[in-house]
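Student: This is the structure, below, for whatever I ask next.
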């Protein structure tokens, strides 16, 4: 298993270490529910150094990225970030990624840990024009400071007014507690917050500085478990569950990130056909009516007939309900429709509700 | 790890408290700690007949669902209804939070279980 530069810190903090995408990472320190609550109400600090980073640069970088991803980066300003699926020709999803525009000829791509090698290879296989693709994952550690207190805590450590970094924007060189970092106003929790990219050798010091600084603001280290329950409540897809090689962004309700009018890109015709014919399957949110916790891959039925499967499910720590996301036949996907979740050979009733389950109040 | 003397312990990390011909069964501190935050407990019907090694229920934490096995055979006489509303009491106080009570059908099975010292040793080997 690979270790992030913060591995020793996780052990010292009594993190429960598990394997995730080949990395040794803490699933929790104290309790998933507690860490979840910290992020919703004050702040949590995550080690997300396992995430992959790939740079595409050169005069044809924009053109190549336009071909690779479904979203549109034309006319994107420097300092801006977009979220985008990246698809196969059949519309299946290679990965979902963030694209940071460093300059007209340089883009910084953040990809899922489990997909880093696959994505890099996919980009190389589809490369054309004058654009260089480099996997720079080992040059970066990444911390995510998330929660309503994130701005206050990080603001005190930065030599820059972080309010100026609007959501989905970044600042390439910020001094945080004496260390140079790329700071973006992004995250995977449904809360305000920052992702901080830093040289691996500085990660430990910065991690401890931030934890120290946030002590009085109820900042706690948070693990993968809380990261998953937080993103789930906020309706953020997880690769391998809501989207995958077998699940297209159109089916997963991510059509707003698929820009058919931008010109050709890999997967366009398949995705367009799916969109125009209404996808056969649709991702929906549901709430259990009968008692039971839905989990990934559980079967979904309607009157005894199989109509799909659960992609993610759990007890929602914020809403205190048993909730799930499921990919089901479109005809059963209306709000209020009653479906059945097969849990340990029992069919338990659930009802389709709106997603995301949780949205933060914006001040 | 918390232990309680006078209880019998299984290799699957259940505990048994014997009262006459009745046995109360729950999961140990070691088990609740490795499961994490418990948010749901599924229990059998009263009257169900269980043989040693059968699934007596399922304990679900935020992370995963785990089967719980009965280390002794018998008929379910009671289930702990409190766990429907406060499953977290297993985390807070595992040895008070029994899951089911059984009328023992083969009390000799109790001899195959560990006492707290043996169980402590067993856990230290499991790491």
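Residue numbers (this note's numbering), protein chains in the order written: chain G, 8 to 370; chain L, 45 to 171.
Using N, Cα and C, we set each Cβ at its ideal position, and we do this for glycine too.
No experiment lies behind these values; they were computed from the predicted model shown.
Kindly indicate which three-state DSSP category residue 134 of chain L falls into: helix, strand or coil?
Tutor: Correct three-state label for residue 134 of chain L: helix.
Student: Check whether the Cβ atoms of residue 146 of chain L and residue 106 of chain L lie closer than 8 Å to each other.
Tutor: No. Outside cutoff.
Student: Quick check for students: name the residue ranges of the alpha helix (DSSP H) that lie wholly in the region 152-240 of chain G, counting only runs of 4 or more.
Tutor: Runs found: 157-164, 207-220, 231-240.
Student: Between the alpha carbons of residue 89 of chain G and residue 244 of chain G, how many angstroms are there, rounded?
Tutor: Each residue's alpha carbon lies about 15 Å from the other.
Student: Between L:76, L:83, L:78, which has its C-alpha nearest residue 126 of chain L's C-alpha?
Tutor: Answer by Cα proximity: L:83.
Student: In angstroms with no decimal places, state the Cα-to-Cα distance between residue 23 of chain G and residue 240 of chain G.
Tutor: Residue 23 of chain G and residue 240 of chain G: Cα-Cα distance of roughly 23 Å.
Student: Along the region 303-337 of chain G, what residues have a CB closer than 7 Å to any CB found in chain L?
Tutor: Answer in chain order: 321, 322.
Student: In the DSSP assignment, find the unbroken alpha helix (DSSP H) run with residue 39 of chain G in it and report its ends.
Tutor: Start and end: 39-48.
Student: For residue 296 of chain G versus residue 307 of chain G, is the C-beta spacing smaller than 8 Å?
Tutor: No, they are not a contact pair.
Student: Considering only the alpha carbon of each residue, which of L:95, L:87, L:123 lies closest to residue 110 of chain L?
Tutor: Per the Cα distances, L:87.
Student: With 8 Å as the threshold, decide whether the Cβ of residue 92 of chain L is near any Cβ in chain G.
Tutor: Not an interface residue.
Student: Of the choices G:364, G:339, G:13, whose alpha-carbon is the least far from that of residue 331 of chain G?
Tutor: Cα-wise, what sits closest to residue 331 of chain G is G:364.
Student: Taking a Cβ distance cut-off of 8 Å, strictly less, list which residues of the region 68-99 of chain L are near chain G, in chain order.
Tutor: Flagged, chain order: 80, 81, 83, 84, 86.
Student: Is it the case that the Cβ atoms of residue 115 of chain L and residue 162 of chain L are separated by a distance below 8 Å?
Tutor: No, the pair does not count as a contact, with Cβ atoms beyond the cut-off.
Student: Give me, in chain order, the residues of the same chain whose beta-carbon lies closer than 8 Å to that of residue 100 of chain G; leave out the 5 immediate sequence neighbours on both sides.
Tutor: 92, 93, 94, 246, 250, 251, 252, 254, 255, 256, 259.
Student: Residues of the region 223-257 of chain G in Cβ contact with chain L at a cutoff of 7 Å, in chain order, please.
Tutor: Going along the region 223-257 of chain G in chain order, one finds 232, 236 with a Cβ nearer than 7 Å to chain L.
Student: Less than 8 Å separating the beta-carbons of residue 348 of chain G and residue 317 of chain G?
Tutor: For residue 348 of chain G and residue 317 of chain G, yes; Cβs fall inside 8 Å.
Student: In whole angstroms, give me the CA-to-CA distance for residue 151 of chain G and residue 89 of chain L.
Tutor: When rounded, the distance between both Cα atoms is 46 Å.
Student: So what does DSSP say about residue 72 of chain G, is it helix, strand or coil?
Tutor: It is helical.
Student: Where are the alpha helix (DSSP H) runs, 4 residues long or more, that stay fully inside the region 71-129 of chain L, in chain order?
Tutor: Complete alpha helix (DSSP H) runs here, min 4: 73-79, 126-129.
Student: Using a C-beta cutoff of 8 Å, does residue 109 of chain L count as contacting chain G?
Tutor: By this cut-off, residue 109 of chain L is an interface position.
Student: Is the shortest distance between the beta-carbon of residue 120 of chain L and the beta-carbons of chain G less than 8 Å?
Tutor: By this cut-off, residue 120 of chain L is not an interface position.
Student: At least one CB of chain L closer than 8 Å to the CB of residue 131 of chain G: is that the case?
Tutor: Closer than 8 Å: no.
Student: For residue 304 of chain G, count neighbouring C-beta atoms within 10 Å of its own C-beta (all shown protein chains included) and say buried if the count is 16 or more, exposed if not.
Tutor: Exposed.
Student: Can you list the residues of chain G that residue 103 of chain L reaches, using a CB-CB cut of under 9 Å?
Tutor: The contacting residues do not exist; residue 103 of chain L stays about 11 Å from chain G at best.
Student: May I ask you to list the residues that DSSP assigns as paired with residue 288 of chain G?
Tutor: Residue 288 of chain G pairs with G:336.
Student: If contacts are defined as beta-carbon pairs under 8 Å, then residue 299 of chain G and residue 329 of chain G qualify, I think. What distance do you get, rounded to the angstrom?
Tutor: Indeed, because the Cβ distance is near 7 Å, the residues count as touching under 8 Å.
Student: Run down chain C in chain order and give the residues with a C-beta less than 9 Å from the C-beta of residue 60 of chain L.
Tutor: Looking at the structure shown, chain C is missing, and the protein chains on hand are G and L.
Student: Ends of the alpha helix (DSSP H) at residue 59 of chain L?
Tutor: Not the alpha helix (DSSP H): residue 59 of chain L falls in the beta strand (DSSP E), residues 58-63.
Student: Distance check for residue 196 of chain G and residue 230 of chain G, CA to CA, integer angstroms please.
Tutor: Straight-line Cα distance between these residues: approximately 12 Å.
Student: Among residues of its own chain, excluding the 5 on either side of residue 133 of chain L, which ones have a beta-carbon nearer than 6 Å to its beta-carbon?
Tutor: Here the set comprises 141.
Student: Please check if any C-beta of chain L sits within less than 8 Å of the C-beta of residue 71 of chain G.
Tutor: By this cut-off, residue 71 of chain G is not an interface position.
Student: Three or more beta-carbon pairs under 8 Å between the region 159-174 of chain G and the region 202-222 of chain G, yes or no?
Tutor: The region 159-174 of chain G, when compared against the region 202-222 of chain G, does touch it at the 8 Å Cβ threshold.
Student: Quick one: which residues of the region 285-300 of chain G get their C-beta closer than 7 Å to a C-beta of chain L? List them in chain order.
Tutor: Cβ contacts with chain L come from 300.
Student: Taking DSSP as the reference, what is the three-state secondary structure of residue 135 of chain G?
Tutor: Correct three-state label for residue 135 of chain G: coil.
Student: Can we say the region 71-91 of chain G touches the region 176-183 of chain G, given the rule of at least three CB pairs closer than 8 Å?
Tutor: They touch, by the three-pair rule.
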